[in-house]
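Numbering (the working numbering), first residue to last: 466 to 1188.
Ideal Cβ positions, reconstructed from N, Cα and C, are used throughout, including at glycine.
Since the structure is predicted, the reported quantities are computational estimates derived from the model, not experimental observations.
These notes concern the structure reproduced below.
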Amino acid sequence: MRLKPLVATLAATFSLSLSSSAIADEGMWQPHQLPELESILKAKGLEINVESISKLTEFPMNAVISLGGCTASFVSPKGLVVSNHHCVYGSVQYNSTPENNILENGFLAKSPAEDLPAAPGSRVYVTETVTNVTDKVSKGIEELSGKARYDAIVKNEKALVAQCEADESYRCNVYSFHGGLEFYLIKSLEIKDVRLSYAPAMGVGKYGGDIDNWMWPRHTGDFGFYRAYVGKDGKPAEYSEDNVPYVPDSYLKVSAKGVQEGDFVMVTGYPGRTNRYRIATEVDNVFNDSYPKARVHNSKYVSLIEENSEDGSKARIAYESTIAGYNNYIKNYGSMIESFKKGTMLERKKQFEQELTQWINSDGERKEQYGSVLGELSELIAQSQEHSERDRMLGYVHRSQMISTARRLYRLAYEKQKPNSERESGYQERDLPRIKAGLERMTRRYDSKVDKAILLHFLELYAALPKEERFSEVDNVFKVQNGFDKATQSALLDSMYEQSRLDNATVRNSLFEQSFSQLNQSQDPFVQYAKAIFKVMKAEEDKSKALAGKLQAARPELMSAIMAFNKAKNKPVYADANSTLRVTYGTVGGYSPQDGLVATPFTSLEGLLAKNTDVDPFNAPKKLQEQIKAKLYGDYTGGMNTVPVNFLSNVDTTGGNSGSPTLNGKAELVGLLFDGVYESIIGDWDYNPELNRSIHVDSRYMLWVMDKVDNAQNLLDEMTIVK
């Protein structure tokens, strides 16, 4: 595989494609690409210098941060961070008890001294540099294949990360783009002391709940505030009462004027993952097998939690964030499957591959370089799917917190025997704080009855697999060699949970410190299970790495072919989302979800009140209802006759963009992106400009709730509000 020549092809393709005036609002663009989009951005309404949004150290990009799964932004010189309510939800849950349920009632720190520590492991990442390291990552891999290639890439990446993290204030990662055609090293300041400053009540932050999730019209105040703290020397430090609020290089002004229909908006954030360049066989498998089955199993997972914990109990509170996450995926998969069945994506994928193949074969040089890549990739994909049902069911068995904790501790002890640079990624010294935080979070996110019920259910499904598809090591521990008997396996699990002490934080921390030889002597039944299956799971992992190494060679070749093909047609070229900083742009506007219906782009306070039933999840706080009835709008209408709550735009976004600041042409914050419409969920795989719409909480509603409902004047005074 010729990796280095492909990089030159990539650069040339970007240049031609971006200069095309035919580019739609589709695309999650890397900041360095934006200057080539200047004429388009300016025509749509960008007022600031386009160069500033291409440089991470300048405003507004240096105000946009990652929470490691969500996006956020600084909105004051005192480290105040705004993101979505569902992004701070885990920390609200962590600090809630049946006696002080701030999930239900909300929380406001009247001064920084009252801020609450966020959930263990919470972080704020400020991206400072992005460096192309393709040559360094690909050094020495040209003649390698399989696991040797995979290991060489990982080794090169680890060396770059170790060098970057010589300063312990930073977290560095290498990300692949275009299937491995390019690699970038991203260096981020890692702020370790994160605290909860404000979250509105559930009747604001999660108004509409799972019923309204992914739906329009929407009336959700999906916002919440953290504060970032550092040591007195200004450097990142673990939590300490002596720490001080972080002073960012810049922060966003918040608009009380808002936006109108047709206005330009831009979203900057960290979208998680899209799959728009996957081949037809992958699409077929995902939509006809993986997603339908995952939806069924995830639904059962939530049911098991709810059946084994009473509403409002300590156990239920422990799993609230888990339930929210699973319900999000359940609805997500449902929309994906529905859109897939209604649409023609698979047929279009197949047609595209036929056209691509014809184009490749029409030129001798192209045929020599790309002629076999589609066939090779299809064969590798088929290999990856050979044991999908086994892997799926065992994966659910291993989601038991007792099993996952035991396996993590056992693998950590195994890896600690090696020099740090040779340890498996995820178990190096840099990863220990995250592992320890996970062990700490379990204290308030675990219940034995719930965990046992989940494990028993999925163990039964695993045991129903053909014997040749099961692992004898798993069968022996759970005594399912000859099938599953609920009474027998239930009694066995009762005994295991009774004997285990992994539910004790002190015990977990002790095991965290133990050597491999010490842990091998443990009599904890879940640690014994981790020991029993370790070798066979490690062997399967090595097989996966060998396959991944082959895929790492095939995907860049295919992407190079696709990009050259698109270049000839003046089609836009952007990398799939991969949790790195991207910029997307568009305009405020509605859409037509189906024949005969037109959705307007704004919802209002009055619409919220009309939807309200005073029954969860449509139970807005009484004070909020009273303010609406009295029409106490304040200075938050922005020229409308009411306060807008949520609005629609056609910016191209996905999961991970949650909490992303929505900016106007002056780079003022006019909203927070928090969702997409039901019809656009399939956008992770297939972009449709007619149906692709993102949902934002309007900055005017956010400010109105803070001012008129929750009396958060202390935070408002700290922010710069543009009226």
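Residue state for Trp824 is assigned as helix, using DSSP reduced to three classes. Where Val553 is concerned, the enclosing alpha helix (DSSP H) starts and stops at His550 to Tyr559.
Put simply, of Ser1123, Leu1128, Gln1090 and Gln983 the residue whose alpha carbon is nearest the alpha carbon of Ala721 is Leu1128. In the same chain as His863, and ignoring 5 residues on each side of it, the C-beta atoms closer than 8 Å to its own belong to Ser869 and Arg872, in chain order.
DSSP places His684 in no beta strand (DSSP E); its state is neither H nor E.
Restricting attention to Leu545, Phe572 and Glu564, the CA atom closest to the CA of Ser556 is found in Phe572. Sequence-distant partners of Asp1182 (beyond 5 residues in either direction) whose C-beta falls short of 7 Å from its own C-beta are missing from its chain. Secondary-structure assignment with DSSP links Lys652 through a beta bridge to Thr594 and Cys637. In this structure, the beta-carbon distance from Pro1086 to Ala666 falls below 8 Å.
In the displayed model, Tyr704 falls within coil according to three-state DSSP, outside both helix and strand. Distance from the CA of Leu1016 to the CA of Leu845, rounded to the nearest whole angstrom, comes to 7 Å. For the pair Gly689 and Val589, the CB atoms are not nearer than the 8 Å cut-off. For Met731, the pairing in a beta bridge is given by DSSP as Tyr1050 and Leu1128. Contact between the region 538-554 and the region 695-714 is established, with three or more Cβ pairs separated by less than 8 Å.
Secondary structure remark: continuous alpha helix (DSSP H) runs of at least 4 residues inside the region 761-828, in chain order: 779-807 and 810-826.
Residue environment: Arg813 is assigned as exposed (fewer than 16 neighbouring CB atoms within 10 Å of its CB, all protein chains considered).
Annotated as proximal: Ala583 and Arg660, with beta-carbon spacing under 8 Å. Under the three-state reduction of DSSP, Glu938 is assigned to helix. DSSP places Val1162 within a strand segment (E or B) once states are collapsed to three. The region 1137-1146 makes no contact with the region 1071-1091; the number of CB pairs closer than 8 Å stays below 3. Contact check between the region 677-694 and the region 796-805: three or more CB pairs, one atom from each, fall below 8 Å, which counts as touching. In the three-state DSSP reduction, Asp616 falls in the helix class (H, G or I). In this structure the region 722-736 touches the region 1157-1167; the number of beta carbon pairs closer than 8 Å is three or more. Checking the DSSP bridge columns, you'll see Glu647 partnered with Phe642. Per DSSP, Ala1085 lies in no beta strand (DSSP E) and is assigned neither H nor E. The C-alpha of Ser886 is placed about 27 Å away from the C-alpha of His643. A direct Cα-to-Cα measurement between Phe999 and Asn763 gives close to 26 Å. The beta carbon of Pro500 is closer than 7 Å to those of Val515, Glu516 and Ser519 in its chain, skipping five residues each way along the sequence. Here DSSP, grouped into helix, strand and coil, assigns Phe949 to coil. Phe539 is bridged by DSSP to Val546. Rounded to the nearest angstrom, the Cβ distance from Pro1109 to Ser1069 is 6 Å, consistent with a contact under 8 Å. Rounded to whole angstroms, the Cβ separation of Val1116 and Ser1159 is 5 Å, and the two are in contact under 8 Å. In the three-state DSSP reduction, Trp1150 falls in the coil class, being neither helix nor strand. It is roughly 18 Å from the alpha-carbon of Lys951 to the alpha-carbon of Ser768.
At a Cβ-Cβ threshold of 8 Å, Ala1019 and Gly611 do not count as neighbours. In the assembly as shown, Gln834 is a buried residue. Its beta-carbon has 16 or more other beta-carbons within 10 Å.
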